[in-house]
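Q:
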Amino acid sequence: MNKTSSVNNKKIFKNTVALYARMLLSMIVSLYTSRIVLNALGVDDYGIYGLVGGIVVLFSFLNVTMSGATSRFLTVELAKNDPRHLQQTFNTAFILHIGIAIIVLFLAETVGLWLLFEKLNIPDERMSAVVWVYQFSIISSMISITQVPYNATLISHEKMDVYAIVEIVGSLLKLLIATLLLIAVCDKLILYGGLMLLSSFLIAMTYRIYCIRHYDECRINWEWNKVIGRSLFTFSGWNLYSNICFTTRQQGTNMLLNIFGSTAVNAAAGLATTVQLMIEQVSTNLVMASRPQIIKQYALTDFNAMIQLLKQTTCLANVLYLLVAIPFIFEIHYIMNLWLVEVPPYTIEFCILLIVSSFISLNNNIIYIGIQAVGRLKFYSFMAGTVSLSVIPILWLLFSKGIGLTWAFGLPIVSTLLIYIVCSYTLHHYVEDFKPIRFFITTIVVNIFISIPSFVVIIFIQHILVESFARVVVVTLCSSVILVTLSYYGLLDKETRKKGRTLILNKLKR
Numbered sequence: 004m005n006k007t008s009s010v011n012n013k014k015i016f017k018n019t020v021a022l023y024a025r026m027l028l029s030m031i032v033s034l035y036t037s038r039i040v041l042n043a044l045g046v047d048d049y050g051i052y053g054l055v056g057g058i059v060v061l062f063s064f065l066n067v068t069m070s071g072a073t074s075r076f077l078t079v080e081l082a083k084n085d086p087r088h089l090q091q092t093f094n095t096a097f098i099l100h101i102g103i104a105i106i107v108l109f110l111a112e113t114v115g116l117w118l119l120f121e122k123l124n125i126p127d128e129r130m131s132a133v134v135w136v137y138q139f140s141i142i143s144s145m146i147s148i149t150q151v152p153y154n155a156t157l158i159s160h161e162k163m164d165v166y167a168i169v170e171i172v173g174s175l176l177k178l179l180i181a182t183l184l185l186i187a188v189c190d191k192l193i194l195y196g197g198l199m200l201l202s203s204f205l206i207a208m209t210y211r212i213y214c215i216r217h218y219d220e221c222r223i224n225w226e227w228n229k230v231i232g233r234s235l236f237t238f239s240g241w242n243l244y245s246n247i248c249f250t251t252r253q254q255g256t257n258m259l260l261n262i263f264g265s266t267a268v269n270a271a272a273g274l275a276t277t278v279q280l281m282i283e284q285v286s287t288n289l290v291m292a293s294r295p296q297i298i299k300q301y302a303l304t305d306f307n308a309m310i311q312l313l314k315q316t317t318c319l320a321n322v323l324y325l326l327v328a329i330p331f332i333f334e335i336h337y338i339m340n341l342w343l344v345e346v347p348p349y350t351i352e353f354c355i356l357l358i359v360s361s362f363i364s365l366n367n368n369i370i371y372i373g374i375q376a377v378g379r380l381k382f383y384s385f386m387a388g389t390v391s392l393s394v395i396p397i398l399w400l401l402f403s404k405g406i407g408l409t410w411a412f413g414l415p416i417v418s419t420l421l422i423y424i425v426c427s428y429t430l431h432h433y434v435e436d437f438k439p440i441r442f443f444i445t446t447i448v449v450n451i452f453i454s455i456p457s458f459v460v461i462i463f464i465q466h467i468l469v470e471s472f473a474r475v476v477v478v479t480l481c482s483s484v485i486l487v488t489l490s491y492y493g494l495l496d497k498e499t500r501k502k503g504r505t506l507i508l509n510k511l512k513r
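So in our numbering the end of the sequence shown lands on 513, straight run, no missing numbers.
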């Protein structure tokens, strides 16, 4: 058992390192790319691009639903070591995703066009360009939808190094696209949409060629297995409801910001989301690397190992998230002005609120892996979806009364907390050894408690140093040293610390 656990931990470690190498380069490239694109397109066109793409995302709820189901079923089949059934699962999932792509195409070309022309606040002189970008977004979405089974296969096989390399290439392509915008003499919004579509196509083809060459199950034979198809639909049934709600809340919020604000406010929301996703990457890479092992432990009925892995993943993911989030929040004004040529109104406020909300979601998403492993989603999906969807009518009411637009990202903090509670007690219902209160105290509470000294030191530094790049570096270094040291002694037991030291020393000797 110890040997198996050691092998699993080594896999997680190796995959996490690969993902973090990808993340580091992607983050640097993404920051620079966002700056160039915002400068090249302008605030309004930047906001329009995010808004228009969001309409297509709104109709992709089926894809989000089936994506989780596909990943879960492929991982379970790998654990069972049944190649024939694994290939049937992949082919059934692929056919399902083609169907989803067709449904999204229909909705986007009907309801989506109605929203675009009748409801959104877009300048008349930009409608021609917007229609082009919208069609590019639809095609890109269809490519992404049919790509899901291939990505799920890579993750299930834990080939994070391949995933990391391809994503790095994708980031470099986006940098090239941003650079081309600076020298383009045509309509830059249309050019940007077209080049992003080309980039999506090239990345998708790279994944598909690799999977087909290395995994027999990825060879399409158009075989539909009714039992597997029914299982995928059953698993996804209630999950579909929650994903409709989550997607509607996310894109509905963006539309409300457009209706009650402007495309400039949409640009602020888009930039804040970019920041949130980059900070999220610091921890979600670890979660992605741990996910297959968590599901496999449940499939092997080793519930104690699953719970322990959930706890370890949560604690480490929180530390990694806070390492970036804490100094960023305290130095956000300087960083945003350094990063962007022009900082749209509300960008800083949206960033802070999204970072807080994202921290809670991170913890919720890790526990949710346990629920997905169990495969009983009905109660959680209904409750979480309903709570999330309720944000939209409340926001509409608040905005109608003239209350500030910052509530667009403030209110979801409350809803995300409620969803975390629902998620914890749902897992406890199916896995009795999972204790929600104990888990909350030993993860979130402990993580926040060991972060307090960092807050104190940062506030002291800000009082003695003027705002500058040097202060950002000092704040980041001091915060990181304090957080890592306290996490090392506060989160890891004596035996784990000893194993960690041995592992590091062995690596250094090599």
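Think of the CB as a built atom: it goes at the ideal place given N, C-alpha and C, for glycine as much as any other residue.
So what's K510 in DSSP terms, helix, strand or just coil?
A: Note that K510 scores a pLDDT of 48, beneath 50, so its modelled location is shaky; the value from the coordinates is reported in the next line. K510: helix per DSSP, three-state reduction.
Q: On the three-state DSSP scale, how would you describe S283?
A: In the sequence under discussion, the amino acid at residue 283 is Glu, which differs from the Ser named in the question. E283: helix per DSSP, three-state reduction.
Q: When you compare each of S403, T409, G388, I395 to L421 by their alpha carbons, which one comes out closest?
A: The option with the nearest alpha carbon to L421 is G388.
Q: For I98, does the three-state DSSP call read helix, strand or coil?
A: Here I98 sits in helix by DSSP.
Q: Under 9 angstroms, do L433 and I372 count as touching if we go by C-beta distance?
A: What sits at residue 433 in the sequence shown is Tyr, not Leu. Not closer than 9 angstroms, so no.
Q: Which word fits C318, buried or exposed, when buried means at least 16 other C-beta atoms lie within 10 angstroms of its C-beta?
A: Buried: at least 16 other Cβ atoms inside 10 Å.
Q: Using the beta-carbon count (16 or more within 10 Å), is S245 buried or exposed?
A: S245 is buried by the Cβ-count criterion.
Q: Please classify G407: is it buried, with 16 or more other beta-carbons within 10 angstroms of its beta-carbon, or exposed?
A: By the neighbour-count rule (16 or more Cβ atoms within 10 Å), G407 is not buried but exposed.
Q: Along the alpha helix (DSSP H) that carries G197, what are the first and last residues, could you check?
A: Its alpha helix (DSSP H) spans residues 191–217.
Q: Helix, strand or coil: how does DSSP classify N224 here?
A: Coil at N224, not helix or strand.
Q: Given this structure, state the Cα-to-Cα distance separating L235 from F76, to the nearest angstrom.
A: Going from the Cα of L235 to the Cα of F76 covers about 8 angstroms.
Q: When you compare only the Cα positions, how much space is there between I58 and T209?
A: C-alpha separation (whole angstroms): 27 angstroms.
Q: Apart from the five residues just before and just after L259, which ones in its own chain have a Cβ nearer than 8 angstroms to its Cβ?
A: Counting only Cβ-Cβ distances below 8 angstroms, and skipping sequence neighbours, we find I395, L398, W399, F402, A411.
Q: How about the stretch 192–205 and the stretch 132–151: do they share at least three Cβ pairs that are nearer than 8 angstroms?
A: These segments touch.
Q: In the DSSP assignment, find the unbroken alpha helix (DSSP H) run with D164 in it and report its ends.
A: Segment 163–186, the alpha helix (DSSP H) holding D164.
Q: Residues in the same chain with beta-carbon distance under 7 angstroms from C221, minus the five sequence neighbours each way, listed in chain order, please.
A: Answer for C221: F93, Y153, T156, C214, I215, listed in chain order.
Q: Going along the chain, which residues of its own chain have a beta-carbon closer than 8 angstroms to the beta-carbon of V326, five neighbours each way excluded?
A: The residue asked about is misnamed: residue 326 is Leu in this sequence, not Val. So the qualifying residues of the chain are V285, S482, S483, L486, V487.
Q: Pick from M30, Y52, S29: whose alpha carbon is nearest that of V40?
A: Of the candidates M30, Y52, S29, the one whose C-alpha sits nearest the C-alpha of V40 is Y52.
Q: Output the residue ranges of the beta strand (DSSP E) runs that lie fully inside the stretch 434–492 and measure 3 residues or longer, sorted by chain position.
A: As far as the stretch 434–492 is concerned, it has no whole beta strand (DSSP E) run of at least 3 residues.
Q: May I have the straight-line CA-CA distance separating V322 from G102, to the nearest angstrom?
A: Roughly 40 angstroms separates the two Cα atoms.
Q: From L34 to A308, what does the alpha carbon distance come to, in whole angstroms?
A: Taking the straight line from one Cα to the other gives about 38 angstroms.
Q: Grouping DSSP H, G and I as helix and E and B as strand, with all else coil, what is L495?
A: Here L495 sits in coil by DSSP.
Q: So, K177 versus V32, is the Cβ gap smaller than 9 angstroms?
A: Going by C-beta atoms, K177 is nearer than 9 angstroms to V32.
Q: Just checking my contact of T73 with V151 at CB under 8 angstroms: how many whole Å lie between their CB atoms?
A: The Cβ separation is near 6 angstroms, so the contact holds.
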